[in-house]
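Numbering (the working numbering), first residue to last: 114 to 535.
Each residue gets a CB set at the ideal place from its N, CA and C atoms; glycine is no exception.
Let me begin by presenting the structure, written as structure tokens, before commenting on it.
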Ligand code: UDP
């Protein structure tokens with residue numbers, strides 16, 4: 114690695130604060146991604162500043178994570194929770210505040226890596242007035258999301274335009290799976306430079322605890338067949354499909370089933386409403402006894418939950434990557450996932466888990482049954498998953514790939530003037 118090229122990087126994640134305690138507040142894959150990528154890049158020698166929006170006056174403005182990596186919270190609009198679809202209006206203030214921050218500190222960032230379309234707009238605005246290179250990761254594509262949504266929000270056109278512009282003008286766009294790259298090409302634009310670099314997971318954290326020990330720790334029956342869901346409460350996550358699938362498995366003979374549905378929710382917010390809807394279905398299907406909602410879990414707690422389960426189910430309608438699948442695999446637990454997006458890349462059918470068509474509870478039920486009724490098959494898939502994650506999806510490996518992408522971009526920039534003068 115050439116340390117001469119290790120410079121300052123701004124990782125921008127306007128709505129996904131990398132410094133919030135994951136599992137303790139609303140957090141999804143983007144928070145996890147930015148935090149881990151930032152810290153791992155810091156270890157490689159980059160000076161990483163992660164910019165996010167301040168949502169609470171009690172939050173610290175600067176959080177130091179490691180020697181080379183910190184989160185900087187900037188004001189944009191009221192210092193309060195703002196729904197994602199309304200954040201676009203306050204972005205000009207966010208841009209101004211990054212410009213002021215750079216001015217006050219006497220430097221500009223040669224490289225800006227933005228996350229989600231809102232941040233890409235910030236990156237493109239900054240690029241207009243300073244000499245920075247831009248890398249972008251979508252985390253979710255409007256073109257995919259709106260195809261599956263009946264009620265398209267007002268912001269949709271703006272989002273689609275911004276997503277097209279960033280693909281066509283950024284120095285590089287990072288797709289987290291070959292499937293996401295294909296969607297970008299088919300649905301966003303045929304122009305622009307895409308590199309596939311996956312998301313990662315903490316292979317030290319997940320996978321160090323045995324199933325029996327984890328069950329003892331969590332007070333779970335050693336003989337039960339444990340099925341787990343981990344993630345946000347959002348209709349597109351397909352939790353209803355899982356609940357119905359488990360019910361079907363019970364009806365067709367699988368006994369002593371335990372369903373764990375882990376994830377946070379806030380009463381009155383969209384996730385709270387989805388959780389109420391899921392609980393209602395659980396009650397209607399008579400599954401109250403066998404279902405537990407442990408709520409939001411920290412990454413440390415999650416390592417025991419994943420390890421305790423016989424199978425982890427990811428029933429999303431769409432998933433650009435899906436961190437939960439690789440976290441479960443790292444824990445030695447097979448995954449039954451929807452046959453969509455990044456899950457087709459992470460989960461290898463018959464090797465690390467099984468795939469089923471999204472929203473198809475009968476197929477999910479069959480796949481779950483195959484694993485929980487054949488413990489040898491379960492262990493074989495579990496081992497396969499662990500090996501796949503170790504070889505392909507560690508954060509350190511991901512950061513090394515990003516790091517060489519940045520170096521490539523920065524070096525090609527410094528070469529340009531030399532070429533002109535020849
Ligand atoms: N997560 C967590 N605690 C919970 C539920 C989820 O820490 O109670 C984490 C989970 O471990 C994963 C992330 O939230 O790292 C969800 O990422 P994923 O890519 O699966 O879904 P997204 O939220 O991005 O749609």
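Within the stretch 148–216, note down every full beta strand (DSSP E) run reaching 3 residues or more, in order along the chain. 160–166, 175–179, 182–187
Whole runs of the alpha helix (DSSP H) within the stretch 480–523, excluding any shorter than 4 residues: 488–505
Spatial distance of residue 409 from residue 384 (CA atoms): 12 angstroms
How should residue 317 be labelled, buried or exposed, when 16 other C-beta atoms within 10 angstroms of its C-beta is the threshold for buried? exposed
If you reduce the DSSP assignment to three classes, tell me which class residue 311 lands in. coil
Ranges of the beta strand (DSSP E) found wholly within the stretch 286–372, counting only runs of at least 3: 307–309, 338–343
Skipping 5 residues on each side, what residues in its chain have a beta carbon closer than 6 angstroms to that of residue 132? 176, 184
Span separating the alpha-carbon of residue 234 from that of residue 242: 13 angstroms
Separation of residue 472 from residue 260, as counted between CA atoms: 16 angstroms
For the alpha helix (DSSP H) that residue 437 lies in, which residues bound it at each end? 436–443
In terms of DSSP beta bridges, what is residue 383 paired with? Its beta-bridge partners do not exist; DSSP assigns none.
Which residues in the same chain as residue 257 place their Cβ atom closer than 6 angstroms to its Cβ, once the five residues preceding and following it in sequence are excluded? 296, 431
If you draw a straight line from the C-alpha of residue 390 to the C-alpha of residue 374, how long is it? 13 angstroms
Given a cut-off of 8 angstroms, decide if residue 142 and residue 436 are closer than it, judged by their beta-carbon atoms. yes
Could you tell me whether any non-hydrogen atom of the ligand UDP is closer than 7 angstroms to the CB of residue 409? yes
Spell out a yes or no on whether the stretch 471–490 and the stretch 514–528 are touching, meaning 3 or more CB-CB pairs, one atom from each, closer than 8 angstroms. no
Count the other CB atoms within 10 Å of the CB of residue 423; is the residue buried (16 or more) or exposed (fewer)? buried
Could you check if residue 334 is buried or exposed, using at least 16 other CB atoms within 10 Å of its CB as the buried criterion? exposed
Pair within 8 angstroms by beta-carbon distance, residue 420 and residue 322: yes
Answer yes or no: the CB of residue 345 versus the heavy atoms of the ligand UDP, is any distance below 7 angstroms? yes
Taking 8 angstroms as the threshold, find out whether the stretch 446–461 comes into contact with the stretch 491–510 through three or more Cβ pairs. yes
For residue 146, is the classification buried or exposed, using 16 other Cβ atoms within 10 angstroms of its Cβ as the cut-off for buried? buried
Across which residues does DSSP place residue 451 in a beta bridge pair? 469
Bridge partner(s) assigned by DSSP for residue 246: 224
Going by C-alpha to C-alpha distance, which of 278, 505, 395, 355 sits closest to residue 304? 278
Residue 145 (DSSP reduced to helix, strand or coil): helix
Does any heavy atom of the ligand UDP sit closer than 7 angstroms to the C-beta of residue 293? no
List the DSSP bridge partners of residue 124. 163, 226
Are residue 314 and residue 506 touching if we call contact CB-CB under 8 angstroms? yes
Mind the definition here: the stretch 214–225 touches the stretch 244–251 only if three or more C-beta pairs lie below 8 angstroms; say whether that holds. yes
Per DSSP, which one or two residues make a beta bridge with residue 404? 372
Compute the distance between the beta-carbons of residue 309 and residue 291, then report whether it is under 8 angstroms. yes
Distance, Cα to Cα, residue 504 vs residue 441? 15 angstroms
Following the continuous alpha helix (DSSP H) through residue 109, name the residue where it begins and the one where it ends. Any property of residue 109 remains undetermined from this structure, which presents the chain solely from 114 to 535.
Quick one, are the C-beta atoms of residue 206 and residue 189 less than 8 angstroms apart? yes
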